[in-house]
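Undergrad: Quick note on the numbering used here: the sequence shown kicks off at 22 and runs consecutively.
For every residue, glycine included, the Cβ atom is placed at its ideal position computed from N, Cα and C.
Keep in mind the model is a prediction, meaning the values are calculated, not measured.
I'd like to ask some things about the structure below.
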Amino acid sequence: MLTAIVLCFILGYVTIVFEHPLKLDKTVPALLMGSLCWALMSLGFHGGSLSIIDTHEHVYSLANGVTHEAEEGFVNALLHHLGKTAEILVFLIGAMTIVEIIDLHRGFEILKNWVKTKNKKRLLWILGALGFILSAIIDNLTATIVLVTLLRKLIQNKTERLWYAALIVIAANAGGAWSPIGDVTTTMLWIGNRVSTFGLIEHLVIPSIVCFAVPFYIASFMTPFKGEIEMKDTGDDNVAQKLLSSRTMLFLGLGGIIFVPIFKTITHLPPYMGMMLSLGVVWLVSEYIHPEEDFTEERKHQYSAHKALSRIEMSSILFFLGILMAVAALETVVVGDVGALRYVAEQLQNAIPNQDVVVIILGFMSAIIDNVPLVAASMGMYSQPIDAKLWHFIAYSAGTGGSMLIIGSAAGVAAMGMERIDFIWYLKKIAWLAFVGFIAGAIVFLILYPFLPNAVGGVPGAH
Numbered sequence: 022m023l024t025a026i027v028l029c030f031i032l033g034y035v036t037i038v039f040e041h042p043l044k045l046d047k048t049v050p051a052l053l054m055g056s057l058c059w060a061l062m063s064l065g066f067h068g069g070s071l072s073i074i075d076t077h078e079h080v081y082s083l084a085n086g087v088t089h090e091a092e093e094g095f096v097n098a099l100l101h102h103l104g105k106t107a108e109i110l111v112f113l114i115g116a117m118t119i120v121e122i123i124d125l126h127r128g129f130e131i132l133k134n135w136v137k138t139k140n141k142k143r144l145l146w147i148l149g150a151l152g153f154i155l156s157a158i159i160d161n162l163t164a165t166i167v168l169v170t171l172l173r174k175l176i177q178n179k180t181e182r183l184w185y186a187a188l189i190v191i192a193a194n195a196g197g198a199w200s201p202i203g204d205v206t207t208t209m210l211w212i213g214n215r216v217s218t219f220g221l222i223e224h225l226v227i228p229s230i231v232c233f234a235v236p237f238y239i240a241s242f243m244t245p246f247k248g249e250i251e252m253k254d255t256g257d258d259n260v261a262q263k264l265l266s267s268r269t270m271l272f273l274g275l276g277g278i279i280f281v282p283i284f285k286t287i288t289h290l291p292p293y294m295g296m297m298l299s300l301g302v303v304w305l306v307s308e309y310i311h312p313e314e315d316f317t318e319e320r321k322h323q324y325s326a327h328k329a330l331s332r333i334e335m336s337s338i339l340f341f342l343g344i345l346m347a348v349a350a351l352e353t354v355v356v357g358d359v360g361a362l363r364y365v366a367e368q369l370q371n372a373i374p375n376q377d378v379v380v381i382i383l384g385f386m387s388a389i390i391d392n393v394p395l396v397a398a399s400m401g402m403y404s405q406p407i408d409a410k411l412w413h414f415i416a417y418s419a420g421t422g423g424s425m426l427i428i429g430s431a432a433g434v435a436a437m438g439m440e441r442i443d444f445i446w447y448l449k450k451i452a453w454l455a456f457v458g459f460i461a462g463a464i465v466f467l468i469l470y471p472f473l474p475n476a477v478g479g480v481p482g483a484h
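Have a look at this one:
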């Protein structure tokens, strides 16, 4: 039965990786994989052929007959993993709703006023800086969508636009790596108490800046970013798009998201509680604010939180549910006398004693395989204390390594879909820039880490 669980996970994983050739939404295999892994484990457990282990290292088995304690241990393990997964999902739903409310009120149109240059090199750095900063606040996926939408309103030539969109992916992924709310993987590590807000910022902000700045510096000397660009006249468009509520909702929404880590630090409550509070405040204001001069009750639904909720990508939420529960199954099923993921970690440690090399390999893997299950697996494999070097390096590698392929990150996939970026074109033109930035940031991280205050090394290896 253990073999069946592993095969189910591998088959589901491969299907997710090849979602584009198969023309199948990755949510489908994720949901099937998550439910089937637990179903197979339950059959094996109740048949007496499998044992499970909980987060307190208690092993439960029905091999010697049915016991109430073992049954309860299985149910509690399932509920524990569902609860930890739900924390992440509730957090993401709140953040996505706030971003959609801002977008309904055209708050992101304000950003267009910050881009007034026709110089290609200057425009590259402005968009890159916006991507780096925005991704740390509203997450790298949303930042990419916002900036690619902005690009469409500024640049007419599609070929020129492709170069900027590709570089925005690198900037957004680098910006998301040092913020607890900048990337799904850093959010997972933060909610899972592997990293703290200030620990993540302190140890990753400089490597992330290097990861962003090095490729942009090199690109600024390349032919596509020389000279001036023919930009669209956005004057009339700005007037047409402007709403009375745009600026208010932009700053209120972004402020609400930024407030979440502060709320967690003050109250010691999980991040999703702070996100619920922020969403409640933003929703409250959106109910009474007047976006237009002649605002009527009939127009209210156009700017309501209900409409924002309908625009959320629920398929992404369900994908995370499926993939995280599948990884939880591997964390729970026993191999030898430990969980399957812990067993893998021990074998990795024996094969590659240098943990830094393992994490760098994980960064390369995140360009090919979705980084969410990679990070989820690493959280089940290792037991270093909060803010250990391992967790910060995993956050950096998984967050920025995905830039090396256009399909390696949510931001890349979004840009690919919006601008029809060709996989091979990105591989030839952009991948090497992302690689240079990734390695440069990794080197800076490894050099700086011993000199930073409160550095926690942890004990190398697994549990």
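(1) Please go through the stretch 113 to 155 and give each complete alpha helix (DSSP H) segment of 4 or more residues, from N-terminal end onward.
(2) Quick check: what's the CA-CA separation for ALA25 versus SER337?
(3) So, helix, strand or coil for ASN259, using DSSP?
(4) What would DSSP say about ALA432, mapped onto helix, strand or coil?
(5) Would ASN486 be called buried (16 or more neighbouring beta carbons within 10 Å of its own) or exposed?
(6) In whole angstroms, what is the alpha-carbon distance linking LEU28 and HIS77?
(7) How would you write the range of the beta strand (DSSP E) that TYR81 sits in, first residue to last?
(8) Looking at MET400: is its Cβ nearer than 8 Å to the Cβ of TRP59?
(9) What are the residues that DSSP puts in a beta bridge with VAL355?
(10) Could you pull the DSSP bridge partners for GLU3 from this structure?
(11) To the nearest angstrom, report how far apart VAL38 and THR317 are at their CA atoms.
(12) Please state the DSSP three-state secondary structure of SER266.
(13) Using 10 angstroms around the beta-carbon of VAL96, count the other beta-carbons present and answer buried if the total reaches 16, otherwise exposed.
(14) Would you identify the three-state DSSP class for SER72, choosing helix, strand or coil?
(15) Return the CA-CA distance between THR138 and CYS232, expressed in angstroms with no decimal places.
(16) Using a Cβ distance threshold of 8 Å, determine whether the stretch 224 to 241 contacts the stretch 185 to 194, with at least three qualifying pairs required.
(17) Between the Cα of VAL365 and those of ILE278, GLU249, ALA398, spot the shortest distance and give me the residue it belongs to.
(18) To the nearest angstrom, how far is it from the Cα of LEU265 to the Cα of GLY128?
(19) Helix, strand or coil for ILE427 per DSSP?
(20) I need the straight-line Cα distance from GLY256 to ASP160, nearest angstrom please.
(21) Report the CB separation of LEU369 from VAL379 in whole angstroms; it is logged as a contact under 8 Å.
(22) Any beta carbon of chain B sitting closer than 8 Å to that of LEU100?
(23) Round the Cβ separation of GLY220 and ALA192 to the nearest angstrom and send it over; I've been treating them as touching at under 8 Å.
(24) Grab me the residues of ILE74's own chain with a C-beta within less than 6 Å of its C-beta, minus the 5 sequence neighbours each way, in chain order.
(25) Where does ILE310 fall in DSSP's three states?
(26) Count the CB pairs spanning the stretch 446 to 456 and the stretch 202 to 213 that are closer than 8 Å, and state whether there are at least three.
(27) For ALA157 versus SER200, is the C-beta distance shorter than 8 Å?
TA: In brief:
(1) none
(2) 26 Å
(3) A caution first: ASN259 carries a pLDDT of 44, below 50, which makes its placement in the model unreliable, though a value can still be read off. Helix at ASN259.
(4) helix
(5) Because the chain here runs from 22 to 484, residue 486 falls outside it and cannot be looked at.
(6) 27 Å
(7) 80 to 82
(8) no
(9) GLY360
(10) Shown here, the chain extends from 22 to 484; a query on residue 3 therefore has no answer.
(11) 48 Å
(12) coil
(13) exposed
(14) strand
(15) 25 Å
(16) yes
(17) ALA398
(18) 10 Å
(19) coil
(20) Low per-residue confidence applies at GLY256: pLDDT is 47, beneath 50, and the placement is therefore not dependable, though the value from the model is reported in the following sentence. So the two alpha carbons sit approximately 29 Å from each other.
(21) 6 Å
(22) As a matter of chain content, chain B is missing from the structure shown, which is built from one protein chain.
(23) Rounded, the Cβ-Cβ distance is 23 Å, inconsistent with contact.
(24) VAL80, VAL355, GLY360
(25) coil
(26) no
(27) yes
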